[in-house]
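These protein sequence lines are chains A and B, in that order.
Residues 1 to 232 (our numbering) make up the first sequence, in order.
Residues 1 to 232 (our numbering) make up the second sequence, in order.
Even for Gly, the Cβ is constructed at its ideal location relative to N, Cα and C.
Predicted model only: the values in this text are computed from it and were never measured.
Protein chains: 2
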Amino acid sequence: MKLEILNNENHDIQKKIISAIRDLINHKNLEPGDKLPSERTLSEKFEVSRGNIREAIQKLEFYGLLESIPQSGTFVANIGITALNGMIEDILRLEEPDFKSLVETRILLELKTAQLAAIRRTEEDLQAIKEALDAYSEKVINGEDAVQEDLLFHLAIAKASRNSSMNTFMLIITPGIITNFEKYHVCDKNQAFLGIQEHTDIYAAIRSQDPKLAKEKMKAHFKILYQYCYNQ
Amino acid sequence: MKLEILNNENHDIQKKIISAIRDLINHKNLEPGDKLPSERTLSEKFEVSRGNIREAIQKLEFYGLLESIPQSGTFVANIGITALNGMIEDILRLEEPDFKSLVETRILLELKTAQLAAIRRTEEDLQAIKEALDAYSEKVINGEDAVQEDLLFHLAIAKASRNSSMNTFMLIITPGIITNFEKYHVCDKNQAFLGIQEHTDIYAAIRSQDPKLAKEKMKAHFKILYQYCYNQ
DNA sequence: TTGAGAAAACTGGTTAACCAGATTGGTTAT
DNA sequence: ATAACCAATCTGGTTAACCAGTTTTCTCAA
Chain A
1 MKLEILNNEN HDIQKKIISA IRDLINHKNL EPGDKLPSER TLSEKFEVSR GNIREAIQKL
61 EFYGLLESIP QSGTFVANIG ITALNGMIED ILRLEEPDFK SLVETRILLE LKTAQLAAIR
121 RTEEDLQAIK EALDAYSEKV INGEDAVQED LLFHLAIAKA SRNSSMNTFM LIITPGIITN
181 FEKYHVCDKN QAFLGIQEHT DIYAAIRSQD PKLAKEKMKA HFKILYQYCY NQ
Chain B
1 MKLEILNNEN HDIQKKIISA IRDLINHKNL EPGDKLPSER TLSEKFEVSR GNIREAIQKL
61 EFYGLLESIP QSGTFVANIG ITALNGMIED ILRLEEPDFK SLVETRILLE LKTAQLAAIR
121 RTEEDLQAIK EALDAYSEKV INGEDAVQED LLFHLAIAKA SRNSSMNTFM LIITPGIITN
181 FEKYHVCDKN QAFLGIQEHT DIYAAIRSQD PKLAKEKMKA HFKILYQYCY NQ
């Protein structure tokens with residue numbers, strides 16, 4: 001399931017189906033563990049293709065609200081009807097994140113991953129971060145574009161944080177960040193040179209296992225982005 | 001696409017396909033914008049079903065590395081080969097988040113959403129939070145289980161934070177948290193009664209638009225969970 | 001009436017055929 | 001030589017048929 005990469009038409013259909021499933025659960029008073037009507041039945045009742053039904057169910061499965069068991073059926077997850085209604089409402093309301101949300105979340109995550117990396121990094125992690133840093137520096141010094149190497153430096157830190165959720169979330173927001181960076185031309189050459197020092201500072205803090213300093217240096221690194229984000 | 005809800009067999013196949021796609025991109029020196037071989041071709045070459053190929057491509061599409069265009073082809077996204085290799089490596093390495101990662105991430109997100117909610121909440125947001133709080137209190141006072149109402153209170157705050165990414169991430173980690181909560185019996189009745197006061201404090205801080213206080217009260221609310229998480 | 005057992009119906013998952021639009025290559029007219 | 005056209009091919013997306021288990025229903029003996 002893609003989070004929000006559906007075209008508008010399919011998107012609307014899916015929302016309608018999810019609403020319909022919610023209404024059906026409420027109307028039939030289905031409780032946790034109860035079985036939903038079959039995919040075929042639902043596709044008839046809602047007058048959509050079975051594929052659409054499957055997509056919607058998979059989305060709700062992704063958020064832990066339903067569970068499909070092969071050759072048996074789809075069941076309401078072990079979560080109360082109240083929470084289920086609340087979560088479905090939230091899921092339906094979810095919208096494509098704006099750039100500001102992405103940046104805000106990225107900064108939040110990166111300050112934490114820097115902290116955690118300083119505490120938990122292994123020697124291998126440190127080595128990987130160093131290599132990413134060197135690759136970045138070399139590109140910048142040669143006057144080449146270093147967006148990719150910049151990114152990989154930050155992902156190396158996320159990896160070293162040893163937190164699987166944050167690592168995943170970093171990967172999820174990365175494409176959106178990159179796209180918008182290029183769209184709005186947030187970076188420029190001056191920043192790139194300044195970036196070498198900032199990256200080096202972050203690396204040094206993680207190497208010396210100083211979480212507070214690592215967070216501080218990461219914060220400094222994001223200062224311009226932070227301002228850009230909050231001054232428009 | 002599900003993040004990590006595939007059975008092991010399919011999971012391994014998908015990882016192999018993603019690796020193979022990466023190798024193919026490297027071997028053929030495909031650059032951003034270049035077209036990948038067709039799904040049918042890949043399914044022959046890798047000796048897997050076309051459905052498997054489609055799933056793998058959709059996953060890489062989800063992370064912004066590929067782009068499928070109907071009736072035309074699948075293209076390498078506008079991201080350099082270096083970043084692409086790095087990100088694929090990370091994606092392949094991603095593992096099911098452990099409970100500690102989930103809790104750590106939840107606390108990070110909730111401290112921020114409380115802050116942001118205090119700043120940005122509308123009157124409607126405040127009203128919704130209040131209703132969630134009242135529903136929670138009533139359940140606890142009646143001695144009933146209030147896990148769902150607890151959850152909805154926190155989701156109401158996430159909604160009021162007006163940050164779409166964080167809201168999404170809260171919804172993503174919620175099922176894992178709930179499951180593990182029940183598995184490890186993190187909550188007990190005493191906490192529930194204490195929770196009323198803590199929730200009320202958080203609500204009051206958000207109402208009076210005091211972000212610092214909101215964060216503080218949320219931190220206090222998570223104190224036990226925090227300790228549970230870091231003392232094992 | 002009840003129990004077991006078998007067969008029919010139904011389940012989510014998978015596969016292969018089909019679709020409409022895009023692309024390509026060749027042909028022809030200018 | 002080149003531009004225009006058209007048909008054959010190829011594309012990702014969609015649909016319908018099929019599959020292997022599960023669940024229900026029916027049958028018939030005890």
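Whose CA, out of A:E138, A:P37, A:I206 and A:I172, lies closest to the CA of A:P234?
The structure shown has nothing for residue 234 of chain A, since chain A only spans 1 to 232.
Three or more beta-carbon pairs under 8 Å between the stretch 156-163 of chain A and the stretch 111-129 of chain A, yes or no?
In this structure the stretch 156-163 of chain A touches the stretch 111-129 of chain A; the number of beta carbon pairs closer than 8 Å is three or more.
Against chain A: residues of the stretch 36-58 of chain B by CB proximity under 8 Å:
Q58
With DSSP as the reference, label A:A118 as helix, strand or coil.
Translated into the one-based positions of the first sequence, residue 118 of chain A becomes position 118. Helix at A:A118.
Which residue marks the beginning of the beta strand (DSSP E) containing A:S68, and which one marks its end?
Locating residue 68 of chain A in the first sequence gives position 68, counting from the first residue. Taken as a continuous stretch (DSSP letters only), the beta strand (DSSP E) holding A:S68 covers L66 to I69.
Three-state secondary structure (DSSP) of A:A214
As a working note, residue 214 of chain A is residue 214 in the first sequence. Here A:A214 sits in helix by DSSP.
Less than 8 Å separating the beta-carbons of A:I17 and A:I53?
Numbered from 1 along the first sequence, position 17 holds the residue referred to as residue 17 of chain A. Numbered from 1 along the first sequence, position 53 holds the residue referred to as residue 53 of chain A. Closer than 8 Å, so yes.
Would you say A:T105 faces chain B, with C-beta separation under 8 Å as the test?
Along the first sequence, read from residue 1 onward, the residue named residue 105 of chain A stands at position 105. So yes, A:T105 belongs to the interface.
Among the residues of its own chain, which have a CB less than 7 Å from the CB of A:R121, if the five just before and after it don't count?
Walking along the first sequence from the start, residue 121 of chain A turns up at place 121. Result list for A:R121: A160 and I206, in chain order.
Among B:H221, B:Y230 and B:Q58, whose alpha-carbon lies nearest the alpha-carbon of B:I196?
Counted from its first residue, the second sequence places residue 196 of chain B at position 196. Residue B:H221 is the option with its Cα nearest to B:I196.
For the candidate residues A:G64, A:E124, A:L36 and A:L94, whose alpha-carbon lies nearest to that of A:K15?
On the first sequence, position 15 is the one that residue 15 of chain A refers to. Comparing Cα-Cα distances from A:K15 to each of A:G64, A:E124, A:L36 and A:L94, the minimum goes to A:L94.
Inter-stretch contact (C-beta, 8 Å, three-pair minimum) for the stretch 141-152 of chain A and the stretch 69-87 of chain B:
Short answer: they touch.
Note down, in chain order, every chain B residue with its Cβ under 7 Å from the Cβ of A:A220.
Counting from one through the first sequence, the residue named residue 220 of chain A turns up at place 220. Going along chain B, no residue has its Cβ under 7 Å from A:A220, so there is no contact; the nearest lies around 19 Å.
Give me the residue from A:T179, A:D23, A:I178 and A:L111 with the minimum Cα distance to A:I202.
Here residue 202 of chain A corresponds to residue number 202 of the first sequence, with the count starting at 1. The shortest C-alpha separation from A:I202 is found at A:L111.
Starting from A:F75 and walking both ways along the beta strand (DSSP E), at which residues does that stretch end?
Here residue 75 of chain A refers to the residue found at position 75 of the first sequence. For A:F75, the enclosing beta strand (DSSP E) stretches over residues G73 to V76.
According to DSSP, is A:I5 part of a helix, a strand, or is it coil?
On the first sequence, residue 5 of chain A is found 5 positions in, with the first residue counted as 1. With a pLDDT of 41 at A:I5, under the threshold of 50, the modelled position of that residue is not reliable, and no figure is offered here.
Given a limit of 7 Å on CB to CB distance, which residues of the stretch 69-89 of chain A reach chain B?
I79, G80, T82, A83, G86 and M87
For the pair the stretch 121-135 of chain B and the stretch 55-67 of chain A, tell me if three or more CB-CB distances fall below 8 Å.
no
Once you ignore the five residues that flank A:L92 on each side, which residues in its own chain have a CB closer than 7 Å to its CB?
For the purposes of this step, residue 92 of chain A is taken as residue 92 along the first sequence, with counting starting at 1. Taking A:L92 as the centre and dropping the five residues before and after it, the same chain places the C-beta of K15, I18 and S19 closer than 7 Å to its C-beta, in chain order.
Would you identify the three-state DSSP class for B:K28, choosing helix, strand or coil?
Taking the first residue of the second sequence as position 1, residue 28 of chain B is located at position 28. Coil.
What span of residues does the alpha helix (DSSP H) with A:A56 cover, start to end?
In the first sequence, the residue the question calls residue 56 of chain A occupies position 56. Start and end: R50 to F62.
Classification of A:M1 by the beta-carbon crowding that lies within 10 angstroms, buried from 16 upward
Walking along the first sequence from the start, residue 1 of chain A turns up at place 1. In this prediction, A:M1 scores a pLDDT of 40, lower than 50, which makes its location untrustworthy; no coordinate-derived value is stated.
Measure the CB-CB distance between A:P32 and A:A77 and report whether it falls below 8 Å.
Position 32 of the first sequence, counted from the first residue, corresponds to residue 32 of chain A. Position 77 of the first sequence, counted from the first residue, corresponds to residue 77 of chain A. Closer than 8 Å, so yes.
What residues in its chain sit with their C-beta under 7 Å from that of B:P211, if we drop five residues either side in the sequence?
Translated into positions along the second sequence, residue 211 of chain B becomes position 211. Cβ within range, chain order: Q115, A118 and I119.
Jot down the residue ranges of each uninterrupted beta strand (DSSP E) in the stretch 156-186 of chain A, minimum 3 residues, whole runs only, in chain order.
none
Look at A:V140 and A:A192 and say whether their C-beta atoms are less than 8 Å apart.
Position 140 of the first sequence holds residue 140 of chain A. Position 192 of the first sequence holds residue 192 of chain A. Yes, Cβ-Cβ distance for A:V140 and A:A192 is below 8 Å.
Ignore the nearest five residues each way along the sequence and tell me which others in B:S49's own chain have a CB closer than 8 Å to its CB.
On the second sequence, residue 49 of chain B is found 49 positions in, with the first residue counted as 1. Taken in chain order, the residues that qualify are S43.
Counting only Cβ-Cβ distances shorter than 7 Å, please list the residues of the stretch 19-30 of chain A near chain B, keeping chain order.
none
So, is A:K217 buried or exposed, given that buried needs 16 or more other C-beta atoms within 10 angstroms?
On the first sequence, residue 217 of chain A is found 217 positions in, with the first residue counted as 1. The residue is buried, with at least 16 neighbouring Cβ atoms inside 10 Å.
Limits of the unbroken alpha helix (DSSP H) element including B:N85:
For the purposes of this step, residue 85 of chain B is identified with residue 85 of the second sequence, where counting begins at 1. It spans I81 to R93 - the alpha helix (DSSP H) in which B:N85 sits, taken as one unbroken run.
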